[in-house]
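Counting from 1, position 429 in the sequence shown corresponds to residue 429 in the UniProt record's numbering; the numbering is continuous, with no gaps. From the three backbone atoms N, C-alpha and C, an ideal C-beta is built for every residue, glycine too.
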Amino acid sequence: MSQRPTPPWAEDAIEDPRMNAQPLEVYMYYAALERAREDADKRPVPDSPITILFKRMVGRKASIVWPYGPPKENKGGWLRQKRKRAEQSAQTTPQSQVEEKQVEEKQDTSAKDDTNVEGGSDLLGVLSPTERESAYRLLRAASWQLVFFLITTDVLGWYTAPMAFAQLGYGPGVLVYTCFWALAFASGQILWRMYMTLDSERYPVKCYADLGERTYGPTVRHVFNVLQSLQLVFNTSMLIIMSGQGLAEIIDFKFCYLALNVFFALLGAVLSQIKTIRGLGMFTVIGTVTNLLVMALTMAGVALYDPVPSQSGHADLSEPKVVSGWVPSYSSGWYEQVSGCMRAVFAYGGAMIFTEFMAEMRRPRDFWKAAFGAQFFCYSLYMLFGMYVYSYQGQYTNILPTVNIDSVLFQGLTNILGLICVTIIAVMYSHIGAKVFYRNVMRGYFKAPSLTSSKSTLYWSAVVCGYWAVAWVIGSAVPNITDLNTVVGAACILQFTYTFPPALLVGHWVQRDALKGDSVWEPGIEPGSNRVDSWSDKSRWRRGFRPYWFAKLFLMVYVLCALATCGLGIYSGVQGAKESFRSGRTTSFSCRAPGQPLDK
Numbered sequence: 001m002s003q004r005p006t007p008p009w010a011e012d013a014i015e016d017p018r019m020n021a022q023p024l025e026v027y028m029y030y031a032a033l034e035r036a037r038e039d040a041d042k043r044p045v046p047d048s049p050i051t052i053l054f055k056r057m058v059g060r061k062a063s064i065v066w067p068y069g070p071p072k073e074n075k076g077g078w079l080r081q082k083r084k085r086a087e088q089s090a091q092t093t094p095q096s097q098v099e100e101k102q103v104e105e106k107q108d109t110s111a112k113d114d115t116n117v118e119g120g121s122d123l124l125g126v127l128s129p130t131e132r133e134s135a136y137r138l139l140r141a142a143s144w145q146l147v148f149f150l151i152t153t154d155v156l157g158w159y160t161a162p163m164a165f166a167q168l169g170y171g172p173g174v175l176v177y178t179c180f181w182a183l184a185f186a187s188g189q190i191l192w193r194m195y196m197t198l199d200s201e202r203y204p205v206k207c208y209a210d211l212g213e214r215t216y217g218p219t220v221r222h223v224f225n226v227l228q229s230l231q232l233v234f235n236t237s238m239l240i241i242m243s244g245q246g247l248a249e250i251i252d253f254k255f256c257y258l259a260l261n262v263f264f265a266l267l268g269a270v271l272s273q274i275k276t277i278r279g280l281g282m283f284t285v286i287g288t289v290t291n292l293l294v295m296a297l298t299m300a301g302v303a304l305y306d307p308v309p310s311q312s313g314h315a316d317l318s319e320p321k322v323v324s325g326w327v328p329s330y331s332s333g334w335y336e337q338v339s340g341c342m343r344a345v346f347a348y349g350g351a352m353i354f355t356e357f358m359a360e361m362r363r364p365r366d367f368w369k370a371a372f373g374a375q376f377f378c379y380s381l382y383m384l385f386g387m388y389v390y391s392y393q394g395q396y397t398n399i400l401p402t403v404n405i406d407s408v409l410f411q412g413l414t415n416i417l418g419l420i421c422v423t424i425i426a427v428m429y430s431h432i433g434a435k436v437f438y439r440n441v442m443r444g445y446f447k448a449p450s451l452t453s454s455k456s457t458l459y460w461s462a463v464v465c466g467y468w469a470v471a472w473v474i475g476s477a478v479p480n481i482t483d484l485n486t487v488v489g490a491a492c493i494l495q496f497t498y499t500f501p502p503a504l505l506v507g508h509w510v511q512r513d514a515l516k517g518d519s520v521w522e523p524g525i526e527p528g529s530n531r532v533d534s535w536s537d538k539s540r541w542r543r544g545f546r547p548y549w550f551a552k553l554f555l556m557v558y559v560l561c562a563l564a565t566c567g568l569g570i571y572s573g574v575q576g577a578k579e580s581f582r583s584g585r586t587t588s589f590s591c592r593a594p595g596q597p598l599d600k
């Protein structure tokens, strides 16, 4: 008996849980076909944002290569046509029963039928080949160059690097940033390889949680979704805090800090209405260029002017500047070194949305280029900027170097330009975070329409506004960005970048090696019936663990070490937050900005 097909209205695992409940060999079979289709696709990749900008400057027209012509040629929209056909196929007539039988026979066709570019989709046969591919590829319009800017915008957080060196010293700082860069790059490659092995038109991978569910089951999916949502909303909260502090500096603390945060949250909610990642393309280019300009201006300001003592918790600059090659002598305790390590963790935190980037790429095989280029670029800037600023400011270093310059001119320039960067980054975080919430909650429980439908506009707007409201509340409740940075880095960012990828790889390797004793699966064979044993048998576990057992054991130890680091990071962040509230430097829902001088 053949497996019941996917419902015609299903687009992802939220609408049809069976999409992530197939055996590994089924995903691998269709993923291999999908990769072959992509390799045979000779259509040009859509222009990158830089190319679009150049063409517009010289008067040439930049175009997007859609799956089958621009959307206007698909009158009524492919989603509307799909639902109409689904309703027609559901009519209980003799003819429809005959057609349903033909569909079941079609699902049992040979692998040869599935290798056609137009084949391989399973929507009860109610879609034409064109609509099948459009359903999967409608949003796949991103090039690897665009993804490079997206990753750079997501990952690049140079402003925390000086504080990390101030807490760790030169030597440990270089070691920590280099080590975490290598591990972050490896994690990105793990996610990419797993995506290429599991994603297909029939069983698409749309988010990080899909990888977790296909490896360990639905419980892991829920854990991933919760942590990803927390990380993104906390990231947005931190960016609201940064913007509020920057605005307060610009106007010389003459307006309520809490109201400034409200203003930025409203601005972010308006700008976050874009539904696709490609819609953020040009913004990410502008953000990256502006980010580099702000960094250069900050370096110039740090070299020319003294730091602001109140920003680092000092009364004045009477103490001589101190820099350290090893653990600094001015450190308050070991938890500060852990906090410094968490800054390096946060600096490379971006892997939790890599899967979303791949899901919108025309050729996901090129993702490694974007990841390597962006991560190495960020690493180089961290080394340069972190050691440079620490060398000039020593123990007076602050986590927000743009507000730690005793010059109204440089503070104004860097803060105004920095607001542009922070706004773009916050919009991207809220975009992905709102998408995760929309897909898992709004569509999963409230049956909200697909984002490709015009009916989703009101739902999407409400989710985005609610998302920014929650982020504002969190940021106002814990306005000390240093402590919030440490806790979020340990609890969420460390997991998605350093803990989950090796854990997923171990599970994937064990399942893949266990397949070597089974017969080959092909369409027409009941999924799972080709296996000679099950996971309740010791033989399958032995077959899964035996090949390269030392590598799998190393990865498991690595996961345990990452979890231990997570615990230390959370403890360090909580201790730092308690100290901040005890000393009076931090007050929840206050009109006074963190670090605001007492005489203002």
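For residue i, count neighbouring Cβ atoms within 10 angstroms of its own Cβ and tell me buried if that reaches 16, exposed if not.
i	result
Ala-522	Here residue 522 is Glu; the residue named in the question, Ala, does not match the sequence. Label assigned to Glu-522: exposed.
Tyr-29	buried
Ser-588	exposed
Thr-298	buried
Cys-378	buried
Arg-221	buried
Leu-304	exposed
Met-352	buried
Tyr-390	buried
Ala-296	exposed
Leu-191	buried
Leu-598	exposed
Glu-201	buried
Gly-188	buried
Thr-486	buried
Leu-381	buried
Tyr-177	buried
Could you spell out the range, first to last residue, of the alpha helix (DSSP H) harbouring residue i?
i	result
Gly-188	170-198
Thr-402	That residue, Thr-402, is in no alpha helix (DSSP H); it is neither H nor E in DSSP.
Pro-218	218-250
Asp-39	24-40
Val-270	257-271
Arg-540	538-545
Cys-341	334-347
Thr-152	144-155
Phe-589	That residue, Phe-589, is in no alpha helix (DSSP H); it is neither H nor E in DSSP.
Val-322	Premise fails: Val-322 is in no alpha helix (DSSP H) and is neither H nor E.
Cys-378	367-393
Glu-356	354-359
Does the distance from the CB of residue i to the CB of residue j come in under 8 Å?
i	j	result
Tyr-348	Trp-181	yes
Leu-494	Thr-565	yes
Gln-596	Ala-265	no
Ala-31	Arg-362	no
Gln-337	Leu-232	no
Arg-543	Ala-514	yes
Val-436	Asn-225	yes
Trp-334	Gly-171	no
Asn-261	Ile-240	yes
Tyr-396	Leu-458	no
Gly-517	Val-345	no
Gly-507	Ser-339	no
Just confirm the distance between the C-beta atoms of residue i and residue j, as a whole number of angstroms; I'd bet it's less than 8 Å.
i	j	result
Phe-148	Gln-375	Not quite, the Cβ-Cβ distance comes to about 10 Å (not below 8 Å), so this is no contact.
Val-322	Gly-394	5 Å
Val-302	Asp-406	Rounded, the Cβ-Cβ distance is 10 Å, inconsistent with contact.
Ala-593	Gln-245	5 Å
Gly-412	Thr-402	With 8 Å as the limit, Gly-412 and Thr-402 do not qualify as a contact, their Cβ atoms being about 10 Å apart.
Trp-468	Gly-268	5 Å
Asp-210	Met-428	Actually they do not touch by this definition, with Cβ atoms about 20 Å apart.
Pro-23	Pro-527	5 Å
Ala-359	Lys-206	5 Å
Entirely enclosed alpha helix (DSSP H) segments - the segment 446-518, minimum 4 residues: DSSP runs (the alpha helix (DSSP H)) wholly in the segment 446-518: 456-477, 481-488 and 500-514.
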